[in-house]
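Written out below as structure tokens is the structure these notes cover.
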Amino acid sequence: MDYKVDLKPASLIDPRTKLLLLFMISVFVLGGAGGEKMTVFYWILVFVPVLLLLSERKWKLFFISVLVYGCSYGAQMFLKGDLRPWESVLALSVYVIVKFLPAVFMARYTMATTKVSEFIAAGKKMHLPDTLLIPVSVIFRYFPTIGEEYSCIRDAMKMRGICLGGGKASQMVEYRMVPLIADCTVIGEELSAAALTRGLEVGIQRTCIWNVKLRFLDYLIMGFCIFTVVWCMIGGFFL
Amino acid sequence: MIRFEHVSFCYAGGSASLKEIDHSIKPGKITLICGPSGCGKTTMIRCVNGLIPHFYKGDLQGRVLVKERQTTDIPLQKLSRYVGSVFQNPRSQFFNVDTTSEIAFGCENFGMKPEEIIDRIEKLVRQTNLRSLMDRNIFRLSGGEKQKIACAGVACQEPEVITLDEPSANLDHEGVCGLQKMLALWKKQGKTVLIAEHRIAYLLPYIDEVLIMEDGRIREEMTGEAFASLSEEELHKRGLRGKTFENAVSMELPPLKGERGKILLEHFRFGYKGEKVLFDIPRIELPAGEIIAIVGGNGRGKTTFLRCLCGMEKRCKALVTMNGQTWNRKQRLKHFYMVMQDVNHQLFTDRVLEEVLISQEREDKEKAMEILGKLDLEEVAERHPLSLSGGQKQRVAVASALASGREILLFDEPTSGLDHSHMRQVARLLDDLKKQGKTVILVTHDGELLKEVCTVKLSLEDLNRKADLFSYEAVQQGT
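Taken in order, these protein sequences are the chains called A and B.
Residue numbers for the first sequence follow our numbering, so the first one is 1 and each next one is one higher.
Residue numbers for the second sequence follow our numbering, so the first one is 240 and each next one is one higher.
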């Protein structure tokens, strides 16, 4: 059987567009820039990550996001008017969650659907310096590793009987962090050595087998983003 | 093509690793560098691929010449086009998350045209049977599969020289066979290959030259044929592993004699969420007080079996009965102890003694020192666990298990990547535990360890297939 590398772009939009959206959501949803007059844009930006997750068939993430959105907005509707103390605490935490969620889902989407190599290629096209790009791409690669290491350590602790109820709770954080940091340092060093022997270095002219280019949907989203920013500024003159 | 001219090297802050090496590596040949741990194998490899002096700093004397040029004068980026490297640890040599990008990674860094890279990948997939591994998430692959991808990535760069540093340390029989195929391909293509390795058995059909090192020096040079004709004793005398390339799964051990206690396992059924069931064993009796080896290929669930045994997998509802006591999952966490393959994960404190003390029900320094004494750890009681050697760390983990009074000790691949004398050391440790009346259950693909110390061997495949036979003897005999 002959094998052909599948060069179809892995996701609907380009890594640059993903980054732009992440930026927009951070500014307008998390940061709440523009206030009242941005309501329409606010809600569009809130639902962009959910739609993107749906478009990539990331079912699990999609359902989680819908569920969490539903619960938090539902809670916000009920927690209005005169609130008892504990209710206001709840309302405050729901408010924080609702503010953060879209950015979190967008970041999750970006991580789940961008190949490291696409990310570097896109960064190069944006003329980002290697000294920024290479570390950021390593972080991409590092998250799952940290997760793996962390769960190993957690298991080891369970076996030693060092858990919250074990009477040694104060040491838990230290016990967890020391081996984790030690592991990650070793892995980091080995990873750098391996990457260097494969020709990765600052300032090289690197190619990329994946097709990283802007398509219609990317331009559409970028247009929307520009419009949002302009609306935010012009709106300020009129109101 | 590769020449060492009076090369000595000393890592920054360490002792001398290479002493006066003067040697030419034969071009187009496969050279094996072997010797006991710490003999300088890895340092030799690092001198050739340029990580010394460009990445690992230290005092380098003499000259290492690659392609008539001194490695100190060639930037690593240039050298990497010429020398490809495969490393020991499959989990830390990947830059990408998907396999296809990873294979292309080197070529992309060299600025090759995308079409050309894709041609190379497609050719490589044809030659080496990689199809099933393409377009996959590397984090979901087994160790053997990861190592295949690492080799493929190097092969795709088509370097003239390939260095491998203990590539088989984490591989099972099947994984090693995959590595052999890669070597056969490189041999046919006339590449210069340099391998540092403890497990030599699988390499015998391919190697042309052998360098046996000791204490930073090349002690002996011989041809592949001369090396293959050495006897087991002659190999062990040089601190090397044996040369029987045996599949641990198919090895036979003599049957146990006499009566002994039993450990009864019930309802051992487990599969990860959304994946197929790894094992389903309704009831099996294991002998207590023995050293039981569980064997089977990579990815068959050996480690998961141990995790279920000691109660780490919440979704496994198994029960274990021993000496009339039945333990559920939570109770097993207190009676079983697993020494993980990467023992760094389970050492938490800043002192070896502390490690033992926190495991005791009531801290008792005298008793703790006694345990450390039994395991040859008295002298290091005040040291930081992470500063110890691999074998010592393993023993510290065992010490903490003994301190908490566990009856059953589990070991996950206790001898991967160890040379002959260290493997023997682990074997002695296991034997001591047995003499203290503990039951040891380990998973391994190390045939030599199996022969050396294990008293019972069970393959996970057999346990599964003959799940209706309730005694281990019956499973072993295959009736």
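Where a beta carbon is used, it is the ideal one built from N, C-alpha and C, also for glycine.
These figures come from a predicted structure and were not determined experimentally.
For residue i, the first and last residue of its enclosing alpha helix (DSSP H)
| i | result |
| --- | --- |
| residue 102 of chain A | 85-113 |
| residue 59 of chain A | 59-78 |
| residue 321 of chain B | 315-321 |
| residue 557 of chain B | No alpha helix (DSSP H) contains residue 557 of chain B, which DSSP labels as neither H nor E. |
| residue 297 of chain B | Run containing residue 297 of chain B: none in the alpha helix (DSSP H); it sits in the beta strand (DSSP E), 297-305. |
| residue 334 of chain B | Premise fails: residue 334 of chain B is in no alpha helix (DSSP H) and is neither H nor E. |
| residue 506 of chain B | Per DSSP, residue 506 of chain B belongs to no alpha helix (DSSP H); it is in the beta strand (DSSP E), 501-509. |
| residue 547 of chain B | 541-548 |
| residue 217 of chain B | Residue 217 of chain B cannot be examined here, being either before or after the span of chain B that is shown, 240 to 718. |
| residue 637 of chain B | 629-642 |
| residue 363 of chain B | 353-367 |
Residue range of the unbroken beta strand (DSSP E) whose run includes residue i
| i | result |
| --- | --- |
| residue 667 of chain B | Looking at the DSSP string, residue 667 of chain B is not in any beta strand (DSSP E); the run it does join, the alpha helix (DSSP H), is 659-674. |
| residue 524 of chain B | 518-526 |
| residue 263 of chain B | 255-264 |
| residue 680 of chain B | 678-682 |
| residue 53 of chain A | No beta strand (DSSP E) holds residue 53 of chain A; the alpha helix (DSSP H) holding it covers 39-55. |
| residue 245 of chain B | 241-250 |
| residue 531 of chain B | 530-534 |
| residue 576 of chain B | 575-578 |
| residue 137 of chain A | Residue 137 of chain A -> not in any beta strand (DSSP E); alpha helix (DSSP H) instead, spanning 130-160. |
| residue 185 of chain B | It is not possible to answer for residue 185 of chain B, since the shown part of chain B is limited to 240 through 718. |
| residue 696 of chain B | 695-698 |
Environment of residue i [buried if 16+ CB atoms lie within 10 Å]
| i | result |
| --- | --- |
| residue 216 of chain A | exposed |
| residue 598 of chain B | buried |
| residue 202 of chain A | exposed |
| residue 340 of chain B | buried |
| residue 245 of chain B | exposed |
| residue 219 of chain A | exposed |
| residue 564 of chain B | exposed |
| residue 66 of chain A | exposed |
| residue 511 of chain B | exposed |
| residue 698 of chain B | buried |
| residue 676 of chain B | exposed |
| residue 252 of chain B | exposed |
| residue 139 of chain A | exposed |
| residue 718 of chain B | Below a pLDDT of 50, predicted positions are generally treated as unreliable, and residue 718 of chain B, at 42, falls in that range; no measurement from the model is reported. |
| residue 77 of chain A | exposed |
Close-in-space but distant-in-sequence residues of the same chain around residue i (CB under 6 Å, 5 per side omitted)
| i | result |
| --- | --- |
| residue 719 of chain B | Absent from the model: residue 719 of chain B. The displayed extent of chain B is 240 to 718, so no value can be given. |
| residue 332 of chain B | 326, 389 |
| residue 109 of chain A | 49, 52, 53 |
| residue 214 of chain A | 14 |
| residue 542 of chain B | 651 |
| residue 164 of chain A | Model confidence at residue 164 of chain A stands at a pLDDT of 48, short of 50, so the residue's coordinates are unreliable; what they give is reported in the following sentence. Result list for residue 164 of chain A: empty, nothing under 6 Å. |
Neighbourhood of residue i by C-beta, 8 Å cutoff - its chain only, sequence neighbours within 5 removed
| i | result |
| --- | --- |
| residue 100 of chain A | 30 |
| residue 602 of chain B | 596 |
| residue 480 of chain B | 437, 438, 439, 440, 474, 658, 659, 662, 687 |
| residue 75 of chain A | 90, 91, 94 |
| residue 320 of chain B | 349, 396, 398 |
| residue 627 of chain B | 591, 619, 635 |
| residue 145 of chain A | 184, 187 |
| residue 625 of chain B | 583, 586, 632 |
| residue 278 of chain B | 452, 453, 454, 455, 478 |
| residue 412 of chain B | 486, 487, 488, 536, 684 |
| residue 259 of chain B | 245, 246, 247, 301, 456 |
| residue 640 of chain B | 576, 578, 598, 648 |
Beta-carbon contacts of residue i that lie in its chain and below 7 Å, excluding the five residues immediately before and after
| i | result |
| --- | --- |
| residue 250 of chain B | 256, 295, 297 |
| residue 405 of chain B | 327, 435, 436, 437, 656 |
| residue 692 of chain B | 530, 666, 669, 670 |
| residue 391 of chain B | 342, 363, 367, 369 |
| residue 240 of chain A | The first residue shown for chain A is 1 and the last is 239, placing residue 240 of chain A beyond what the model contains. |
Contact set between the region 182-209 of chain A and chain B, restricted to residues whose Cβ is under 7 Å from the partner: 182, 183, 187, 190, 191, 193, 194, 195, 196, 197, 198, 199, 200, 201, 204, 205, 206, 207, 208, 209
Quick one: which residues of the region 546-561 of chain B get their C-beta closer than 9 Å to a C-beta of chain A? List them in chain order. Those residues of the region 546-561 of chain B placed with their C-beta closer than 9 Å to a C-beta in chain A are 546, 549, 550, 551, ordered along the chain.
With 8 Å as the limit, tell me which residues of the region 144-155 of chain A have their beta carbon closer than that to any beta carbon of chain B; keep them in chain order. 144, 145, 148, 149, 152, 153, 155
Could you name each continuous alpha helix (DSSP H) segment of 4 residues or more that falls completely within the region 582-623 of chain B, going from the start of the chain to the end? The qualifying runs are 591-596, 604-613.
Could you tell me which whole alpha helix (DSSP H) segments of length 4 or greater appear in the region 369-457 of chain B? 382-396, 412-427
Determine which residues of the region 3-24 of chain A have a Cβ less than 9 Å from any Cβ of chain B, and write them out in chain order. 3, 4, 5, 6, 7, 10
What ranges does the alpha helix (DSSP H) occupy inside the region 165-226 of chain A, keeping only unbroken runs of at least 4 residues that lie completely in it? 169-197
What residues from the region 266-296 of chain B come within 9 Å of chain A, judged by C-beta to C-beta, listed N to C? 285, 288, 289, 290, 293, 294, 295
Using a Cβ cut-off of 7 Å, which residues of the region 335-353 of chain B contact any Cβ in chain A, in chain order? 335, 336, 337, 339, 340, 343, 344, 345, 347, 348, 349, 350, 351, 352, 353
For the region 392-420 of chain B, list every residue whose C-beta sits within 9 Å of some C-beta in chain A, in sequence order. 392, 393, 396, 402
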